[in-house]
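Novice:
There are 2 protein chains.
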Amino acid sequence: MALAARALGARTMYLEPPDPDLAERVRAVSARWGGSFEVVAAPQWKRIVREFDGPVVHLTMYGQPIDRIEPRLARASRILVVVGGAKVPSELYRLATYNVAVGHQPHSEVAALAVVLTRLKGVPGPRSWPGAQQVVVPQARGKKVVDRRRSP
Amino acid sequence: MALAARALGARTMYLEPPDPDLAERVRAVSARWGGSFEVVAAPQWKRIVREFDGPVVHLTMYGQPIDRIEPRLARASRILVVVGGAKVPSELYRLATYNVAVGHQPHSEVAALAVVLTRLKGVPGPRSWPGAQQVVVPQARGKKVVDRRRSP
């Protein structure tokens, strides 16, 4: 989830329960591949949802179709996407600005998040991210990675 | 991966190594929520890739941007999307019609598959699937599921 959020343009992941190991592993990915995405511990997640300065989009197969809600999100400069685990507190359905479904079948929170992020922001193109040590050069066949660190 | 493929409109998942328990769990989901998606054991995966009657799209962060390849897939009536695990045989890069990247950062095969399926097919709308026992009725708040089985 964290890597998909990062790769597809999210800025921050607020995580409850917190997971310092995960945050550290994601930091290692960013050190290598660039960008400033971070995983932040969020034991006070309800306050974050309540005080967020923009639409709060809770992803759930029981919500309204993404095709219907997407136009309302187009002009928002900041969006908080909320993804629950196995047990989502019913309160979240009330706190969210929109409860949104990416299809109405049981599937994967990662898949739903990826669809929403790419619908709103497109798929990031092949360019180096700020501070990256490595960058992929797209190939029709095989792999090409350029190391951007200068030799000493 | 199987549930995301099913929910977003794939017809069949060929799986190597085979996993009969997974196939059974997915059958249980389809019995409840409808549709004819199935997970098929595919120890002979190379033959399936070679003999497939349509474009073979291998998802990899090292491939060509999805924005560039997507137009070439628009008219295909059948597409085989190949998603590797941790170790992808290099042969796959040659066997694929296209090696396609959903972003060029490390992330999640499930996320990449979801983006490709919804780009090609859209997000399935809120309707009952053939044979479903249950169907979600989209709600702005809360959950509504209708049981479609008739009482005896």
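Protein chains in written order, with our numbering: chain A, 16 to 167; chain B, 16 to 167.
Backbone N, C-alpha and C fix where the C-beta goes; we use that ideal spot for every residue, glycine too.
Source: prediction; values computed, not measured.
May I ask which residues mark the beginning and end of the beta strand (DSSP E) holding A116/A?
Specialist: It spans 113-116 - the beta strand (DSSP E) in which A116/A sits, taken as one unbroken run.
Novice: So, helix, strand or coil for E31/A, using DSSP?
Specialist: Residue state, collapsed to three classes: coil.
Novice: Rounded to the nearest angstrom, what separates I63/B and R42/B at their Cα positions?
Specialist: Cα to Cα, I63/B sits roughly 22 Å from R42/B.
Novice: Shorter than 8 Å from the beta carbon of P80/B to some beta carbon of chain A?
Specialist: It does: the Cβ of P80/B has a partner Cβ on chain A nearer than 8 Å.
Novice: At a cut of 8 Å, does the segment 105-125 of chain B reach the segment 21-31 of chain B through at least three beta carbon pairs?
Specialist: Segments in contact, no.
Novice: Quick one: which residues of the segment 22-45 of chain B get their C-beta closer than 9 Å to a C-beta of chain A? List them in chain order.
Specialist: For the segment 22-45 of chain B, which is checked against every Cβ of chain A, the residues closer than 9 Å are A22, L23, G24, V44.
Novice: Here's a check: name, in chain order, each residue in its chain whose Cβ is nearer than 7 Å to the Cβ of W60/A, leaving out the five neighbours to either side.
Specialist: Around W60/A: Y29, E31.
Novice: Hey, is Q59/A's beta-carbon within less than 8 Å of any beta-carbon in chain B?
Specialist: Closer than 8 Å: no.
Novice: Taking Cβ to Cβ, would you say G157/A is nearer than 8 Å to N114/A?
Specialist: Not in contact: G157/A and N114/A (Cβ atoms no closer than 8 Å).
Novice: Chain A beta carbons: is any one of them nearer than 8 Å to that of A126/B?
Specialist: Chain A contact via Cβ: present.
Novice: Below 7 Å on C-beta distance, what does A19/A contact in chain B?
Specialist: Under the 7 Å cutoff, chain B gives H122, S123, A126.
Novice: Can you tell me whether DSSP reads D162/B as helix, strand or coil?
Specialist: The answer is strand: DSSP assigns D162/B an E or B state.
Novice: Tell me the rounded alpha-carbon separation between L37/B and V54/B.
Specialist: Rounded to the nearest angstrom, the two C-alpha atoms are 8 Å apart.
Novice: Which residues bound the beta strand (DSSP E) around L95/A?
Specialist: Counting along the chain, the beta strand (DSSP E) containing L95/A begins and ends at 95-98.
Novice: In chain A, which residues lie less than 7 Å from V117/B when you measure between Cβ atoms?
Specialist: Residues of chain A passing the Cβ test: V138.
Novice: Tell me which residues share the same chain as D34/A and place their Cβ nearer than 6 Å to its Cβ, disregarding the 5 neighbours each side in the sequence.
Specialist: Here the set comprises nothing.
Novice: For V96/A versus L110/A, is the C-beta spacing smaller than 8 Å?
Specialist: Their beta carbons are not under 8 Å apart, which means V96/A does not touch L110/A by this criterion.
Novice: For P153/B, return the contacting residues in chain A, with the cut-off set at a CB-CB distance below 8 Å.
Specialist: Chain A residues near P153/B: Y77, G78, Q79, P80, A116, H119.
Novice: Could you tell me whether the Cβ of D129/A comes closer than 8 Å to any Cβ of chain B?
Specialist: Before going on, a small fix: residue 129/A reads as Ala here, not Asp. Chain B, which has a Cβ nearer than 8 Å to the Cβ of A129/A, makes this yes.
Novice: Check whether the Cβ atoms of W48/A and Q120/A sit closer than 8 Å, and answer yes or no.
Specialist: No, the Cβ-Cβ distance between W48/A and Q120/A is not below 8 Å.
Novice: Buried or exposed: which applies to R163/A, given that a residue is buried once 16 or more other Cβ atoms fall within 10 Å of its Cβ?
Specialist: So R163/A ends up on the exposed side.
Novice: With DSSP as the reference, label L132/A as helix, strand or coil.
Specialist: If DSSP states are grouped into helix, strand and coil, L132/A belongs with the helices.
Novice: For P145/B and R134/A, what's the separation of their Cα atoms in angstroms?
Specialist: In a straight line, the C-alpha of P145/B is about 28 Å away from that of R134/A.
Novice: Please confirm whether L18/A and G118/B have their CB atoms less than 8 Å apart.
Specialist: Result no, Cβ atoms of L18/A and G118/B do not sit closer than 8 Å.
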